[in-house]
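Trainee: In the working numbering, the protein residues as written are 17 to 296.
Note that beta-carbon positions come from the ideal geometry of N, C-alpha and C, so glycine has one too.
Pasting in a structure now, in structure tokens, and then I'll have a few things to ask.
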Ligand SMILES: Nc1ncnc2c1ncn2[C@@H]1O[C@H](COP(=O)(O)OP(=O)(O)OP(=O)(O)O)[C@@H](O)[C@H]1O
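Below, the structure is given as structure tokens:
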């Protein structure tokens with residue numbers, strides 16, 4: 017059974033179809049990258065996976081739980097790092113992590129040991145008893161990472177894991193995520209950062225217009241004898257641009273589509289117009 021399963025998920029906000037027939041699965045042992053441009057439906061999908069919204073239709077399961085019917089059980093078992101989530105301003109990291117431990121029915125000794133381990137790993141020991149309101153964004157992000165992994169969940173849902181972290185800590189977190197997934201856990205990472213996805217994910221799914229437009233295994237590309245990437249494989253950025261542009265083109269009026277195609281054929285654009293979609 018897949019650790020994370022999304023079948024035909026649809027969700028609209030009024031007349032906006034945010035997610036429109038999303039399908040994918042994440043198995044244990046996978047570090048799955050969920051990539052897509054702004055407004056593609058990533059956050060809405062994560063909200064459905066964490067029980068924050070009820071799907072209009074479709075079926076969603078995390079570790080066998082239905083997040084809509086069993087939101088508390090889902091949040092107890094799964095690790096969740098929400099987009100721009102921050103710990104309560106009126107608590108210290110120690111108080112917050114102890115609170116999270118008690119909500120998850122963890123033994124106090126176990127929680128104390130886990131707090132020490134995360135303090136070491138992310139280097140916020142000196143700040144354990146400082147109110148969150150007096151911590152930097154990066155230090156708060158470290159606390160949020162610690163709470164997501166406190167109970168060693170078998171499935172973790174993470175939105176932009178490296179936001180606000182300095183390069184050294186980013187590297188440590190990347191290595192941790194790779195090792196965590198390899199330890200037979202399912203790690204789902206939503207990110208805009210194609211380079212990060214390419215460097216750590218075993219598989220990526222590219223989302224546009226509320227649906228999965230392509231999935232690609234990355235682990236296979238480094239299976240060569242000397243570990244080099246497969247020379248025949250398109251770089252992930254190219255795949256992303258192709259899929260996102262195709263999805264966007266489907267929504268354009270036919271007059272605009274003809275104009276863009278005409279420009280492409282005339283070859284009068286020095287810059288690849290698809291790059292506009294990524295801001296690169
Ligand atoms: N609460 C809401 N009310 C109305 N429309 C919403 C709401 N939340 C999201 N939307 C719309 O749903 C669509 C998908 O949004 P969503 O936040 O899921 O995308 P996303 O892929 O996470 O985007 P980003 O990368 O910018 O965070 C967008 O068109 C967005 O404007």
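(1) From the DSSP output, in three-state form, read off residue 243 for me.
(2) Is the beta carbon of residue 180 within less than 7 Å of some heavy atom of ligand 1?
(3) How many angstroms separate the CA atom of residue 63 from the CA atom of residue 162?
(4) Grouping DSSP H, G and I as helix and E and B as strand, with all else coil, what is residue 29?
(5) Is DSSP giving residue 95 helix, strand or coil here?
(6) Among 102, 154, 78 and 144, whose alpha-carbon lies nearest the alpha-carbon of residue 184?
(7) With 16 other CB atoms within 10 Å as the buried threshold, where does residue 240 fall?
(8) Among the residues of its own chain, which have a CB less than 7 Å from the CB of residue 214, if the five just before and after it don't count?
(9) Can you determine whether any heavy atom of ligand 1 sits closer than 7 Å to the C-beta of residue 56, and answer yes or no?
(10) Tell me whether residue 60 counts as near ligand 1, meaning its Cβ is closer than 7 Å to at least one heavy atom of that ligand.
(11) Can you tell me whether residue 220 sits near ligand 1, meaning its C-beta is under 7 Å from at least one heavy atom of the ligand?
(12) Using 8 Å as the cut-off, can you tell me whether the region 84-104 makes contact with the region 165-180, which would need three or more C-beta pairs spanning the two stretches below that distance?
(13) Distance, Cα to Cα, residue 134 vs residue 181?
Mentor: This is what the structure gives:
(1) Your numbering for residue 243 matches position 227 in the chain shown. Residue placement at residue 243 cannot be trusted, given a pLDDT of 42 that sits under 50; what the coordinates show is reported in the next sentence. Residue state, collapsed to three classes: coil.
(2) Taking the first residue of the chain shown as position 1, residue 180 is located at position 164. Flag unset: Cβ of residue 180 not near ligand 1.
(3) Along the chain shown, read from residue 1 onward, the residue named residue 63 stands at position 47. Along the chain shown, read from residue 1 onward, the residue named residue 162 stands at position 146. The alpha-carbon atoms of residue 63 and residue 162 are separated by roughly 20 Å.
(4) Taking the first residue of the chain shown as position 1, residue 29 is located at position 13. In this structure, residue 29 counts as strand in the three-state DSSP scheme.
(5) In the chain shown, residue 95 corresponds to position 79, counting from 1. Looking at residue 95 - three-state DSSP - the assignment turns out to be strand.
(6) Position 168 of the chain shown holds residue 184. For residue 184, the nearest C-alpha among the options comes from 154.
(7) For the purposes of this step, residue 240 is identified with residue 224 of the chain shown, where counting begins at 1. Note that residue 240 has pLDDT 43, beneath the 50 cutoff, so the model's placement of it is unreliable and the number below is only indicative. It is exposed - the Cβ of residue 240 has fewer than 16 other Cβ atoms within 10 Å.
(8) Counting from 1 along the chain shown, the entry for residue 214 is found at position 198. If we look at residue 214 and ignore the five residues flanking it on each side, its Cβ neighbours are 234 and 252.
(9) Your numbering for residue 56 matches position 40 in the chain shown. Residue 56 Cβ: within cutoff of ligand 1.
(10) Against the chain shown, residue 60 aligns to sequence position 44. Yes.
(11) Here residue 220 corresponds to residue number 204 of the chain shown, with the count starting at 1. No, the beta carbon of residue 220 sits no closer than 7 Å to any heavy atom of ligand 1.
(12) yes
(13) Working through the chain shown from its first residue, we reach residue 134 at position 118. Working through the chain shown from its first residue, we reach residue 181 at position 165. Spanning the two alpha carbons is a distance of roughly 15 Å.
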